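Keeping their order, the protein sequence lines are chains A, B and C.
To convert, note that position 46 of the first sequence is 46 in the numbering used here; the numbers rise steadily by one, no gaps.
Just so we're on the same page, the numbering used here is the position in the second sequence counted from 1, plus 1000.
Just so we're on the same page, the numbering used here is the position in the third sequence counted from 1, plus 2000.
Glycine included, each C-beta is placed from N, C-alpha and C at the ideal position.
On a predicted model such as this, the values are computed, not experimentally measured, just so you know.
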Amino acid sequence: MSDDDKKQFEPRIVAFFCNWCTYTAADLAGTARMTYSPNVRVIRIMCSGRLDPQFILKAFREGADGVLIGGCHPGDCHYQEGNYKALRRFTLLKRFLNMMGIEKERIRLEWIAASEGDKVQKVINEMTEQVRKLGPLKLEPVSQLRPEENSVPLAEAVAVIEGGAS
Amino acid sequence: MSTANTPSPNGKPKIGVYVCHCGINIAGRVDVQATVEFAKTLPNVTVATEYKFMCSDPGQEMIQKDLKDGLVDRVVVASCSPLMHEATFRRAMMAADANPFLFQMANIREHVSWVTLDKDAATEKAKALIAAAVKRIVLHRPLEKTRVPVNSDALVVGGGIAGIHAALTLADAGRKVYLVEREPTIGGHMAKFDKTFPTLDCSACILTPKMSAVRAHPNITLWTYSEVAEVEGFVGNFQVKVKRKPRYIKEDLCVGCYECVEACVFKKGIVKDEFNVGLSKRRPIYIPFPQATPLVAVIDPETCVQIKRNKCKKPCVDACERDAIDFDQKEEIKEIDVGAIILATGFKTFDAGRISRYGYGKYPNIFTSLEVERMVNAAGPTTGEVLLKNGEKPKAVGIVHCVGSRDCKTNAYCSRVCCMYSLKLAHLIKERTGAEVYNFYIDMRTPGKGYEEFYEKLLKENVHFIRGRVAEISDWATIPEEEGKLVIRAEDTLVGAVRRIPVDMVVLSVGMEPHEDVDEVRRVFNVSCSHEGWFLERHPKLAPVSTFTDGVFLAGACQGPKDIPDCVAQAGAAAAEALVLIDRGYVELEPNTAYVQEEFCSGCKICLGLCPYGAISFNDEKNISSVNGALCKGCGTCVAACPSGALQQNLFTDEQILQEIEGVISYV
Amino acid sequence: MSKPKVAFYWCASCGGCEEAVIDLGPDILKVVEAVDIVFWPVALDFKRSDVENLADGELAVSFINGAIRSSEQSEMVELLRRKSGLVVAFGSCAHTGGIPGLANLFDRKAMFDEVYFNLPSVVNDKKTVPQEEYEAPEGTLTLPNLWNTVKTLDQVIPVDYYLPGCPPPVNLIAEAVTKIVKGELPPKGSILAPDIALCDECPRKETKPEKMSQKEFKRPHEIMIDPEKCLLAQGLLCLGPVTRKGCGAACTTANMPCTGCMGPVSNVIDFGMKALSAVASLADSNDEEEIEKILSKIVDPVGTFYRYSLPASLLHRYYQPAAQGGK
C-alpha cells in the first residue's frame, strides 16, 4: 500500500449557497466559531434558483467528489419562489444522476435559514463523512481536442482547396 | 462547445490579489504568506500582497494606489465575508475612479479561518477560494447602478393608531399622503377602548384629536370604506388601484347629523353591530360611533331593504336635509401613483371559541376582553356599565390570561399586551361593580414604562391573582356555592393545589392574531409573512419597519403583537424611512439584473412565467423576451431556466460561475 | 488545375448521413464537378491503402460521420486527420455522439453479456464471444477492439468544423460544401448552422401562450397532438427551445416534438442539463410531492435529454467507481 493510500481520502465538495439564507448562515457559523470539516468550498449565488444543473455536472467534471446546494426554506425565499424552481430542477436531476450511476449521497439539497449556523456545520460534517466513505469520484477522463492543435492552419487548408492538389 | 474562454473585454486583465490578516483572525489560522505566493502563480495576477487590515484606510489606499498606477485593473480581496465589506471595497474602488464591479471577495475568515481547526487544511481551502475569485474576475465587466426617480407621494394602508400617526408624520413633513382604511371610519381597535394602560387616560380623548387632524390635514386624502386592490410597479414608482366601496351616501354632503339613522324603517337594530363587537345591533343605515372619522353615514347593502329589494319608502331620504343619500352610488376604482407604501393593517383578536373548554359561546356570561372594552366604554352598548346578560352587575369576575397565546395548540407566541389590559380591565371592573376579581395568569408580563408600577397598584386594590393556566370553565356545580355560577378550574401553582373559583362572569383575555386575509393582502404588496402570519420585517433587530420589498414599510401590530406606544413609535419610524426614500428623490438599483442577449433569444417563452416580479415581458415586434431592469431583483431563476443561455445575469453570468467552479476545484 | 480532394467516412453510424449527401439530389452533380471524391466506402471502391498513399494534407477536406467506439474507427479517423487539411464532423454522431452514444449507459461486458448470453433467443452453450485475434488454419484473423465508451469525433482527433443534425439538413450540407469550396469559412471550431434555437423558425411560434408551465407532461402517443399549437405548450417534451435551428423545423412541422438532434447553441455547455433545467422549471407546482409526480412522467431522463449527446455531456458515460474505461 502506498503512502497516498495510507493517508485518509479528503473529499472535495463544491457548495452553492444562496446569498440571503445559506451564505448568511455559514457566516453566522463562522462568527460563532463553529468548526467543521474543511472539505466544502462555497460558491455564492444570489438565489438557489440561479443554480443551473450544468454547474453541478461541471463541478463533478472538474474533480468535485460531491455537490451541496443550500437555499432558503420553502416559503421564505428572498425572491419569493426561486427555491421552488431549484427544487423542481433538483428533483429531476436526482433521478438523472441515479440513472447515470452517481451515488445519491454525492449530491445534496438543504434548506438552511439565515439563523441556522449550526445546521451548516452539521450538514457539512455529515456530507463530508458520507462522501469520504464513497471514495473519490473518478470520472473517465475526456478531452475536447481543439482545432488549434491541428497542424494545418486554416489559410493553408483554404489554399489547398483553391489551388487544387499540390 | 464551451464558451469559457471568452476573452476579457478590457484586453489582458491585470488582477490584484490582496490577502488580509485581519489581525490574527485570519493570519492565526491561514498561512497568509503561502496564499500570496500561490496567488502569484495564477494566470493574469499582476500584484499579490498582504496587509494586516485591508478594510482600514491604509489597506484601501494600497488598492487605490495600484489602481491609479495602472498596475491592476481588477481587484480580489481575500478577507472577511462580502456581506461585511463588499460595499466598503467597492466604494474604495469608486474613489479611485475604477468601476466597483471589477471586484470580487474571497471569504477566508467566516468561511475558513474561523471554522477550520487544521492550519494546513485552512490554507489549502483559502487558496482554492482565492483561485475561484481570480478565475471569475477575468470575466467581470464594468457595470453601472441605474438611478430611477422616486414619486414623492405616499400610501398608508390601515387607519388605526399606527396608520394615523404615520400619515400625520408624513403629511406634516409636507408630503401628500393617501390613507386607505377598510372600515367606514378610521380609529382601528384603539377607538373601541375606554381607557388605555398604564395611565388610564381615556382612549377616545387621545385618539380623536389625531383623527380630526387627519381629516383636516390638507396633505392627507382620506379614503375610508376602501381597499387596495392592486399594486404594480416598484420602489419609488408604485401604481396602486384603490377600490372605494359605495356607502350610498355622498361623503362631501353628509354632516353626520344622524337624522337618516333615526328615520330608518327599522326602529331597532337588526344586524350585529361590528363596532360593538356583536354586543348590540344596528340598523342598515348607521354611523359606526359618534366620533367616527369621517362623520358620514353608511348603508349596509346586505340588510337595507331598498338596496336588497327596492321596496322601501325611504324615510331616510326624506329626513336628509342635505340630499346626501344616493342609492345609485357605485363602486369606484381610484388609480394613484406613490413612491412609498406603509402597511399598518393591524390585527384581529383570537377567536375564543377555538378553545372549547373555556366555554365561549356556550355559556352566556363569558366575554372576550374586547367585548368588555366596549362595555366599560361610556359610549358602548351598556353605557359604561359592566353587566351580565340578565342586566345585573356581577359579584365575582374571573379574568383568564393567555387565551390563544403561549399555547402550542393555538399560538405559541406571547401577545404582549394581554397582561397589561387584563390588569386594566380588572381595575375598571372592580371600580364599576365592586365585584371580586380574580386574574388567572401564567406570568405577569409588565415590561414597559410605568407597567410594573401599574401591576403594583392592582396588587394593592384587592384583586386576586392566581398563578395557573385555566384548565376549564363550566357551569357544573359540585357544591351549593357553585350553583348557577361559572366555575373556573385552575391549578394554583404558588399554593400547589387545584382550585375551583365560582364567578358570575368570565373575561377571556384573547391574544392578537394576524387578519384572516393576510395571505391575500401580502400578495398584493409582495411582502412575506412569518409563519404565524405577521408581515415579515427585513431584519428583526436592525430593520424592523422595512420589508424585503423595497419601498414597502410596516408599522404597528401587523408586524407583530405590540402595545400602543410601540405602534406609534414604529409608525414614526416607518414614516421616517419612507421619507428617506422620498426625500432622496431617486433609487439606485443594484446592477446584478438579468438581461436578454437578443441575438440568441428564440422566443421560446419559457422564462415569462417564471418571474415573480413580472419583470420579463414578451416583445411582440421583435418576437423575443425582454427584461425590465428596474423590476428585476436579480435572483437569476430565469437565467438557469433559459434553454439557450440567451438570458444572463450581470455579475453572475454562466461563464463567470463556470470559471469560479473551475478555480475552486482544479487548482488545490 | 485539379479539383480539391475530398473524403467521406463513416464510423459508428446508421448510414443516414450518407443518405443525406445523396439527398442533395441533382445538386450532387455540382459537388462532383467541384471536388474529387477519393474515398467513400459506401459508394466508391477506394481502399484504406489508397488513403495511406496520399501525402499528409493532400486531402482538402474529410467529412467524417458516426461516433468513435472501436479501434478500427479511431485508426481510420487518425489516418484521415493526418491526410486532411480540414476535418468536418458530419452529423450528430460525430458532433455529440448521436444515438450510438446511448451505449455509454453500459460497458462492453454488459453489452456482450446481453447480446451473446442473456437474450431469450440466443443459443450459445459454448459461451462464444468475439475475439480480437483468432488463429485460423489460414492465419491470424483479427477484429477491431470494441471500446467500453463511445466518443465523439473531437474527443479522438482535433475537428475543424461541425455539421450538426441527424442527419444534417440538406440545405446546410449544400451551404457548407459551397463555403468550403469558395474558401469562405468561419473561425475554426465553428458549428456550420445558425446559432439560435429552433423556436425561432418553428411555424407554431405564434401560438405560444404566456404561461408555458405544465401540470402534466404528455408523451406523443398519449394525446391527439394539435397540428397548429406549440408542442411544448401542449405538454409534450419538445426540445426545440434547447436545439439549434437550421432544419426548417422538420419534425415540429410533421407534428412531432423536436428531439434535439441539431445539438445545443453556443452559450450552452451541456445540452441535456439545459434541457433538464428548462423542462423541470416548467413543472407547475411548489409542493414537493406534486413536483415529484409531475416530473415522474419523464420516464427516461437520459434518453429524453441526451438522446444524441451523451458522449458530449459533462458526465460522458455511466459512472462506474472502478471503471475499466478507454480502449
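First through last residue of the alpha helix (DSSP H) which encompasses residue i
| i | result |
| --- | --- |
| L88 (chain A) | Before going further, note that residue 88 (chain A) is Arg rather than Leu in the sequence given. Residues G82 to M99. |
| H1165 (chain B) | I1161 to D1172 |
| E1577 (chain B) | I1564 to R1584 |
Residue i at chain A interface by Cβ criterion, 8 angstroms
| i | result |
| --- | --- |
| C1604 (chain B) | no |
| E1662 (chain B) | yes |
| I1657 (chain B) | yes |
| F1101 (chain B) | no |
| S1528 (chain B) | yes |
| L2295 (chain C) | yes |
Residues that residue i contacts on chain A, provided the C-beta gap is smaller than 7 angstroms
| i | result |
| --- | --- |
| W1534 (chain B) | Chain A residues near W1534 (chain B): none, gap ~14 angstroms exceeds 7 angstroms. |
| K2274 (chain C) | Q54 |
| D2270 (chain C) | Q54 and L57 |
| H1085 (chain B) | Simply none; closest approach about 12 angstroms. |
| R2317 (chain C) | E140 |
| K1633 (chain B) | Y79 |
Per DSSP, cross-strand counterpart(s) of residue i
| i | result |
| --- | --- |
| H73 (chain A) | Partner(s): none; H73 (chain A) has no beta bridge. |
| D1337 (chain B) | B:Q1239 |
| Q2214 (chain C) | C:A2283 |
| E1227 (chain B) | B:K1243 |
| M1505 (chain B) | B:V1397 |
Residue i (DSSP reduced to helix, strand or coil)
| i | result |
| --- | --- |
| K1314 (chain B) | coil |
| H1464 (chain B) | strand |
| K2151 (chain C) | strand |
| M2224 (chain C) | coil |
| F2008 (chain C) | strand |
| I2191 (chain C) | strand |
| G2085 (chain C) | strand |
| A1689 (chain B) | Any answer about residue 1689 (chain B) is impossible in this case: the structure gives chain B only from 1001 up to 1668. |
| S2049 (chain C) | helix |
| K1195 (chain B) | strand |
| T1682 (chain B) | Only positions 1001 to 1668 of chain B appear in this structure, which leaves residue 1682 (chain B) out of reach. |
| H1111 (chain B) | helix |
| P1007 (chain B) | For P1007 (chain B), the predicted structure reports a pLDDT of 35, less than 50, and the residue's modelled location is therefore unreliable. The matter cannot be settled from this model. |
| V2077 (chain C) | helix |
Test: residue i CB closer than 8 angstroms to a CB of chain C
| i | result |
| --- | --- |
| G1645 (chain B) | yes |
| G164 (chain A) | In this predicted model, G164 (chain A) has a pLDDT of only 48, less than 50, meaning its place in the structure is not dependable; the value taken from the coordinates is given anyway. Yes, because at least one Cβ of chain C sits closer than 8 angstroms to the Cβ of G164 (chain A). |
| D1519 (chain B) | no |
| L1608 (chain B) | yes |
| L109 (chain A) | no |
| P1007 (chain B) | With a pLDDT of 35 at P1007 (chain B), under the threshold of 50, the modelled position of this residue cannot be trusted, and the question is left open. |
Any non-hydrogen atom of the ligand MN closer than 7 angstroms to residue i Cβ
| i | result |
| --- | --- |
| S2084 (chain C) | No copy of the ligand MN occurs in the structure displayed, which carries no ligand at all. |
Contact list for residue i against chain B, beta-carbon separation under 7 angstroms
| i | result |
| --- | --- |
| P2169 (chain C) | Under the 7 angstroms cutoff, chain B gives no residues; its nearest Cβ is about 17 angstroms from P2169 (chain C). |
| T35 (chain A) | V1115, T1116 and L1117 |
| L64 (chain A) | According to the sequence provided, residue 64 (chain A) is Ala. The question's Leu does not apply to it. Chain B residues near A64 (chain A): I1665. |
Chain-ordered chain F contacts of residue i [CB-CB under 8 angstroms]
| i | result |
| --- | --- |
| I43 (chain A) | Considering every chain present, this structure includes no chain F. Its protein chains are A, B and C. |
Contact with chain B by residue i, beta-carbon distance below 8 angstroms
| i | result |
| --- | --- |
| M2256 (chain C) | no |
| E2210 (chain C) | yes |
| D118 (chain A) | no |
| P38 (chain A) | yes |
| S2313 (chain C) | no |
| K7 (chain A) | no |
The beta strand (DSSP E) enclosing residue i, as first and last residue numbers
| i | result |
| --- | --- |
| C18 (chain A) | I13 to C18 |
| Y1105 (chain B) | A small correction: the amino acid at residue 1105 (chain B) is Met; Tyr does not occupy that position in the sequence shown. That run of the beta strand (DSSP E) goes F1103 to N1107. |
| T1146 (chain B) | T1146 to P1149 |
| E1050 (chain B) | V1045 to Y1051 |
Chain-ordered neighbours of residue i on chain A, where CB pairs are closer than 9 angstroms
| i | result |
| --- | --- |
| I2298 (chain C) | L92 and R95 |
Neighbouring residues, chain C, relative to residue i (Cβ below 8 angstroms)
| i | result |
| --- | --- |
| S143 (chain A) | Q2155 |
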